[in-house]
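Residue numbers (this note's numbering), protein chains in the order written: chain A, 3 to 114; chain B, 9 to 551; chain C, -4 to 320; chain D, 1128 to 1873.
Backbone N, C-alpha and C fix where the C-beta goes; we use that ideal spot for every residue, glycine too.
Worksheet for the structure shown next.
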Amino acid sequence: MNPIDPQLPPGDPLVMLGLLASAILFAVGIVGFLSRRNMITMFLCTELMFQGAGLAMISYGRQHMDLSGQVFVIFILTVAAAEAALALGLVVLLYRRKETLSAEAWKELAES
Amino acid sequence: MNLIWASILIPVATAAVIAVANARAARSLAAVGSLASLGALAAFAWQFPAWSTGAVFPEPCGCAWLDSINATLGVGFDSVSLMLALLEAFLIPICVIGSWTAISDRQREYYGWFMLLHASILVAFAARDVLLFYVGYEFTLVPLLFIIAIWGGPERRQAAHKLFLYTFLGSLFFLGSILFVGWQHHASTGLWSWDMGTLSSFASARLPANTQFWLFAALLAGFAVKVPLFPVHTWLPLAHNQAPTAGSVILAGTLLKLGTYGIFRLALPMAPEGGAALAVVASVLCTVAVVYAALICWVQTDAKKLVAYSSVSHLGICMLGLFALNPVGAQGSVLYMINHGLSTGALFLLIGMAYERYHVKDMDQIGGLAKRMPVWAFFMVFFTMSSIGLPGLNGFVGEYLCLFGTYIATGDASTGYPGLLGPGFALVAGTGLILGAMYMLLLVGRYVFGPLREPKDESHGKHAHDDHGAGHGDLTGREVGLLVPLALVCLFIGVYPKPMLQAIGPVVERTLAPYPAAVERTLKSQPQAAEAAKAEPKEDDRG
Amino acid sequence: MIPPLLYAASAICAVGLFLLLRQPTGKARLGATILGLAGLAWLLVQGVQASGALGFDPRVAIMSLAVAMATAAAVRVITTTRPVFAALYFVLVVVAGAVAYLVMGAEFMAFSLIIVYAGAILITYMFVLMLAQQAPDAGGPSVAYDRIAREPAAAVLCGFVLLAALASVVGDARTTKQPAAMVEARANAAAWNRMRGMPELVQERITAELAAAGKDPMGWSPAGGLEVAQDGRTAMMPVTLADGTRHETVLKAADLPVNSTSLGWELVTSYPGSLELAGVILLMAMLGAVVLARRQTDMAEDDRRAAAGLSRMNVEDADLAGDRA
Amino acid sequence: MIAAPAMLSSVLALAEGPLDAHAAPELRWAGLALLLPLLSGVLCLLCGWMKVRSKLPAALTIAALGGAFATILRLQGVVGETPVVINLFDWISWTWGDASRFHGFTANVDLYVDRLTVFWMLFVTGLGTLIALYASEYMESDVGKGYTRFFGAVSIFLFAMGCLVMGGNLVMLYLGWEGVGLASYLLIGYYFTKPEAVAAAKKAFIVNRIGDLGLALALFLTWQCYGTVEYAALWKAIEAAPASSEWTAQAIPWLLMLGAFGKSAQLPLYVWLPDAMEGPTPVSALIHAATMVTAGVYLIARMFPLFVVNPDALAAVAWVGGLTALLAATIGMAQYDMKRIWAYSTISQLGYMFLGLGVGTTFGASYHVFTHAFFKALLFLTAGAVMHGFAGQLDIRKLSGLLKVPGFRLVSLLAVLGCFWLAAFPFTAAFFSKDEILVSAFTAKDERVHLLGWIGLVVAALTAYYTFRVGFRVFFGPVKYEPGDEHHGHDDHGHGHDAHGSHGSHGSHGSHHGHHAEFHPHGPRWAIRVPLVLIAVGAILAGWPSYRTMLNHDEPNWVKTQVVQSSAYQGGSADSHGSHAGHDESSNEVAHAEQAHADHGHLVLGMDAHTAVGRLGSLACIAGILVSLYLHLINRGAADALRRTLMGSIATRWIVVGAERKWMVDEFYDWVIRLPLRLIANILSAIDELLLDAGIVNGLGALPAAVGRLFRPLYGGVVQGYAVTMAGGVALVAAWVIWIWLRGAN
């Protein structure tokens, strides 16, 4: 349990909302990643998770009044951009192979 | 000692030679090796000095095996284990020569595995060190797994897996129990010891009754799977049914005896209090097995399966004799182990011989073979009679003494060995005599006698003819030569069991020595125990 | 936040999302949406309550709207059956996220987010979609794998266990919180501190301060370090003016560097290595994209070996052979 | 193992077994009576091995049995009234401990020779020899096929019967008991390609096994009560504690009874005997009429000391015997198969014997066994001769006037003689033995059995009727016959006398001329005639002891002497046996025993019991014969008319149908025991395979696989599967860490 100590001064509701939103975005991203089979949508879902992560960075940065959070968002953007470039290139390649975007078309890559 | 190791190592060496030898020479090598092993063991038996004393000879040495826990390679026989080992060594050449034409592919592996099986069973019977016993006991599964899984019937894979996993599971109980006892010994005395005698006297004297109860329960659970006792018997019919003939023979002949031998050698001496407390429960299972399996036999159409289920029924009687906890029953039980090995082994051999000719063992399709194979029919009837306990043949003495022991195992002490069973158990188990006659004569009546019925598809027969030269003719000289020794031994035991009884007697008395007192205690506490059992089944407050 | 309520709210959200994932239509869809939004609202209300904030703050309202919008758009991203729509909804997520950034005072990141994500990344997605997507039927969803969500239950379970876990951390945030004034003071102190590393800016601010104070803004020289006041709202720096008199210049919070300036400063002073690494990553991504985008010809193993000047192995490439067939 | 030499030496030392000092040295050779049949059995086995295709096995068997008979004859001359125990070798015997009352179990291969033993063995081996001789011709069509097997089994039978009768303890008796069961099984199933024969053999063995279980349990109980199962020690123990009222002692007779009823085909276990007629006729004569089936009588007679302490058990024996006699007689009246009629008459006569045992006259029972053995063997053998000659025809409706058929005159004459004996015609041997039983029934101390005397008389009348029904139908009247459709049982053996092509072309029986054209019944040759004549002589001579007693009242009945001077007689106290050494004194004792009957002074219909029963018995017999004479010889149509009349009325229809269908007892057992048991067995089999094996065992085995299968879709190669595991794992770890953290925060 998390007792709310009334002696403590009120916190920043923006941070709370930001963190909640980040958690929700991340969770929704995971759900999407797990339940969609379109490879592009799956990557979009990873982007959703990036969004969630970024929002968390900003929120914590605000809570601690530190700019590192925002700096990390820059890196996140970098990685997201790089990932988008490469992943989408791969998707296009894969699509050319099988004429489908379904991730299930690549089942046989499994070891079993 | 050297002769014991010789009888164990000769098969191992034979297996090694077979592995590198020409495939066609494999069966000859195996026959020679198994006969040599039998010879070594027979030579040992000839000079065995403890036939009538019940002692162990030679005294197990301290040859180191696992130094840190003082496990040794101690081997030695008393008259019971020697008899069982002799049975084993006697059956193996019969199995090997019995497979002469039946096994045509991968002969080297087959005979190699058989030799290893032989060696491991001998290790189990010879071991005086419980860990060594465990190793022998457990290693038997490996060759058997391959023998069934490679050379078995159509469902061989499943049968082999089930056999292996099921009995392996059972062995874990047994292993756990002996490790517990060894650990207790260490905790109590500060020394590691795995010697059967030491552990038995330690456990029976020092462990509290409650512990003994659970110890016996665990050992019983472990060995019951191997015996197999109802309701953990279901691996047996399948395994027997799918195994190649020689596999069935050795499975029925000696492997099952490892279970009964284990109970006799480990469970009973280690935990007399537990034995006395659980005798009734185990006996109920035995009697149920007798009737249950017999009835199931009666509606089987597969000859081999019928005999397999009959093993369950027969071993129920055998175990019942053991749990009578008096010398009569226990003697009968030990003798029954040998008798069952001989007669059921022979029946499997005979069914295998017919199967080799017709490739069918379903009695709906085949029957009346006496017309084609009178000699085969003679032996079939002979061993059937042995199996259903016709007096004058071996089955009778064991079965009769088991039932007798059960019958007189009442609470009164007029025999010096009060028991917990009594006429009720004997009566129910005795119906096994009637049911046994019913199903075995059904087998004989349909399979051996009656109008000749042969499978329609003659191609099988032709095939067999081309392959093995056996055709549909009567038994060959080789086959008769296998059956005659078996029949003679059966006859001898039936007519003159005295030497065996005299050899078994002292061992049995030794094993049962703590029992009268333990049973008396159980009898005294029975009303309380019954109440306690009603209130809380797990509670056992005699200790 | 009280965890059981939090978990309940998460569970409601989960159920709503699960129902939406099953692609309901009509009233079921409406109900599921309402259920999900209710769960979301409850979650947000709990979050706001847990912060202990009193009174109405327009920023909270804006933030709440942004969060709700982001969430709704995100749900649409994963429930829509048409990837193009998903991408567009994702733009909405990004925009809503940018609003939240703005409200929380990360102006620079808010705009770069929109520029990079909505402007660059999402456009790439759109291109790829156009390249790869099969032509959809009129109005209907295109392919089976877009229509059906696979194993939504497992996915939702995983996702919302994670959500509940994360949210309980959020709920715990308050215990580590300091008084708002102190937070601000510390933040300002950090900003002043950072300002010390920006002599030009300090110079400019002092000059402006001197001019405003009617002193000679030229020819002064520092007479000591920047001293931050206790509450961080002001900082004082003594200077020796050109006439030799000493003057204590007082800088106010408004004189602190703006977000983008601070960010840039932070980036180059604290994370120069990471910055370089990010550059390398982008470079490699570019190279990779070039390699990948190079025209690929389907060649069997043997052909490829031949093309590479190796001896042929006469291996039938089953996969490719199948493809060709 | 030094056992083999030990065994060999003990067998060789056979003749040097320990004997009482005053016993005749010839007794040492008693073992020969066992060993000779065993030897011939082994030799037959060898013959089978060598594929001998001659009558050699028969010769061996006849010689061995003759030798055994000679041995017994010699013993008869020397056996005293003191029982002699001869130890051949040790079988099952050892001791344990020493603190207890019973600390050993001994059941050796011992012979217990007293007069009852010898008396029994006398007719067993004698008839055995004659019947083997008969069979040597009867079975000649099987030479080279089953001939060796047949004589091997006969030898085994005689050996086992010897063990049964001569064995010195209950386990030996049990050995013989099961041994004769085996021989019976092998011989009933002799025509093993015939399903009926195999089924009958199986039935016989299994029904006997039920009785055997009773015997085995009785044996255990005996040991438990008296600490021994050896006769000699047992009698002493009983003497020491004669009338134990404990349930254990009281239960012994009941269990023994079960064994006896199984082997001797009494209610409720008689059903196997009629079916046993599937065996060759000599077997029916030897085993299922003359010798083996009397083993139950022997058992009860031998163990009589255990019975006398339990009047209830004796009354039960009497009632079972009486009711069996009545039931079997009613069935016998309505059958048409000659052998089957004789089979039911055997059951009926065995019932008489048990009735005799039950009312306390072991002498009467044994005497009836003795007389019955001869005339029933005679009847079966003549039936066999007829069957042999008429291609398996046994239906009494299809045979008539054989007395006038050339070659069959002697056979017919002997058969009619046998009929007179079976009907207990006055002054035949059976008349005397039956008389003895009925008088005892009327005069028994136990009031409960008196009614059985009347039932016995009724059965006597019925017996006379059905006996002569066969006699008049088959051997008298116009010559008319129809050959059987096959030589009995020889379904696939070519046989010169088979009526090839004769069947089927004649729809109704009648014109025997047609048959004469193709079928010539062949009369039996000497190997059949000689035994028949000898057995007939034996049947006549069986009455000799009674004739002598009739002529000279002081002379004790010879059979009675034999029985009384054994454990079977319990008139005097047991210890008096040992003290009386001389023959004269014991004969006095016999006289005393007879006196005892008279002393009861029972009056039947106002007359002395002996006189009354003699007259009533004669009357019943003659009445039965007269009815039979009218219905089956003078006016055969009347019998059919009577049957039609009875069938016509609902009230009486059941009598005919019931009797002809054997009162449906077989069907009853089938429905009440076999079918439910079969059902249970099938259910259990299903439970075993489906519930235990496929359900529980395989279910448990499948559990890991099922768990694996649960997660298997996750690893099908789709990325999300792995991702779900990862995300789920992360979520769980996160949840766990946070839970710990929150808990720690408190």
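| Item | Value |
| --- | --- |
| Provide the residue span of the alpha helix (DSSP H) that contains HIS1230 (chain D), from first to last. | Here HIS1230 (chain D) belongs to no alpha helix (DSSP H), and DSSP marks it neither H nor E. |
| Determine, using beta carbons only, whether GLU261 (chain C) comes closer than 7 angstroms to chain A. | yes |
| Strictly by DSSP, which residues pair up with ILE1219 (chain D)? | D:ALA1234 |
| What runs of the alpha helix (DSSP H), each 4 residues or longer, lie entirely inside the stretch 279 to 318 of chain B? | 280 to 306 |
| What whole-angstrom Cβ distance do MET371 (chain B) and THR268 (chain B) have, given they're in contact under 8 angstroms? | So it is not a contact: roughly 29 angstroms between Cβ atoms. |
| Ends of the alpha helix (DSSP H) at ALA1190 (chain D)? | 1183 to 1205 |
| Closest by CA to LEU108 (chain C), which one among C:VAL156, C:GLY92, C:ALA160? | C:GLY92 |
| Between the C-alpha atoms of GLY1534 (chain D) and ARG1600 (chain D), what's the straight-line distance to the nearest angstrom? | 18 angstroms |
| Tell me the rounded alpha-carbon separation between PHE96 (chain A) and THR102 (chain A). | In the sequence as displayed, the identity of residue 96 (chain A) is Leu instead of Phe. Going by the C-alpha atoms only, they are around 8 angstroms apart. |
| With 7 angstroms as the threshold, decide whether the Cβ of ILE78 (chain A) is near any Cβ in chain C. | no |
| Can you give me the C-alpha to C-alpha distance between ALA338 (chain B) and ALA1739 (chain D), rounded to a whole angstrom? | 60 angstroms |
| Measure the C-alpha to C-alpha separation of THR256 (chain C) and ALA65 (chain C) and round it to an integer number of angstroms. | 28 angstroms |
| By the criterion of Cβ-Cβ separation under 7 angstroms, what are the contact partners of ALA25 (chain A) in chain C? | LEU158, LEU161, ALA162, VAL165 |
| Given a cut-off of 7 angstroms on the beta-carbon distance, is the pair THR22 (chain B) and LEU37 (chain B) in contact? | yes |
| Do the stretch 48 to 68 of chain B and the stretch 443 to 456 of chain B meet, that is, are 3 or more Cβ pairs less than 8 angstroms apart? | no |
| Mind checking who GLU243 (chain C) pairs with in its DSSP beta bridge? | C:PRO233 |
| Give a yes or no on whether the C-beta atoms belonging to ALA395 (chain B) and CYS498 (chain B) are separated by under 7 angstroms. | Strictly speaking, residue 395 (chain B) in this sequence is Ser, with Ala absent from that position. Cβ distance not < 7 angstroms, so SER395 (chain B) and CYS498 (chain B) don't count as in contact. |
| In terms of residue numbering, what span does the alpha helix (DSSP H) encompassing TRP1882 (chain D) cover? | No statement about residue 1882 (chain D) is possible, as the shown extent of chain D runs from 1128 to 1873 and does not include it. |
| Would you mind stating whether PHE52 (chain A) and MET44 (chain A) have Cβ atoms separated by less than 7 angstroms? | no |
| Would you say ALA105 (chain A) faces chain D, with C-beta separation under 7 angstroms as the test? | yes |
| According to a CB-to-CB cut-off of less than 8 angstroms, which residues of the stretch 1840 to 1853 of chain D neighbour chain A? | TYR1842, GLY1843, GLY1844, VAL1845, VAL1846, GLN1847, ALA1850, VAL1851 |
| Chain D beta carbons: is any one of them nearer than 7 angstroms to that of LEU111 (chain A)? | yes |
| Taking C-beta pairs closer than 8 angstroms, name the residues in chain B that VAL1333 (chain D) reaches, listed in chain order. | Going by the sequence as given, residue 1333 (chain D) is Ile instead of Val. The contacting residues are ILE442, ALA445, MET446, LEU449. |
| Do ARG145 (chain C) and ARG64 (chain A) have their beta-carbon atoms positioned less than 7 angstroms apart in this structure? | no |
| Write down the C-beta distance between ASN78 (chain B) and TRP202 (chain B) rounded to the nearest angstrom, noting that I regard them as a contact closer than 8 angstroms. | 7 angstroms |
| Using a 10 Å radius around the Cβ and a threshold of 16 neighbouring Cβ atoms, would you call PRO1610 (chain D) buried or exposed? | buried |
| PHE1603 (chain D) and LEU1760 (chain D) - do their beta-carbons sit closer together than 7 angstroms? | yes |
| Do you know whose CA, among D:ALA1461, D:VAL1686, D:PRO1322, D:ALA1492, lies nearest ILE1782 (chain D)'s CA? | D:ALA1461 |
| Fully enclosed by the stretch 310 to 387 of chain B, which alpha helix (DSSP H) runs are 4 residues long or longer? | 311 to 331, 335 to 366 |
| Counting Cβ pairs, one atom from each stretch, are 3 or more of them under 8 angstroms apart for the stretch 1212 to 1223 of chain D and the stretch 1170 to 1188 of chain D? | no |
| Measuring CA to CA, which of D:TYR1592, D:VAL1799, D:SER1567, D:PHE1490 is closest to THR1457 (chain D)? | D:TYR1592 |
| Say whether chain D places a C-beta atom closer than 7 angstroms to the C-beta of VAL88 (chain B). | no |
| Sorted by chain position, which residues of the same chain lie with C-beta nearer than 6 angstroms to SER42 (chain B)'s C-beta, five sequence neighbours on each side aside? | ILE100, PRO101, VAL104 |
| What residues in its chain sit with their C-beta under 8 angstroms from that of LYS210 (chain C), if we drop five residues either side in the sequence? | LEU236, HIS242 |
| Between GLY375 (chain B) and GLY481 (chain B), how many whole angstroms is the CB-CB distance? I'm expecting something under 8 angstroms. | That pair is no contact at about 18 angstroms. |
| If you draw a straight line from the C-alpha of VAL138 (chain B) to the C-alpha of LYS265 (chain B), how long is it? | 17 angstroms |
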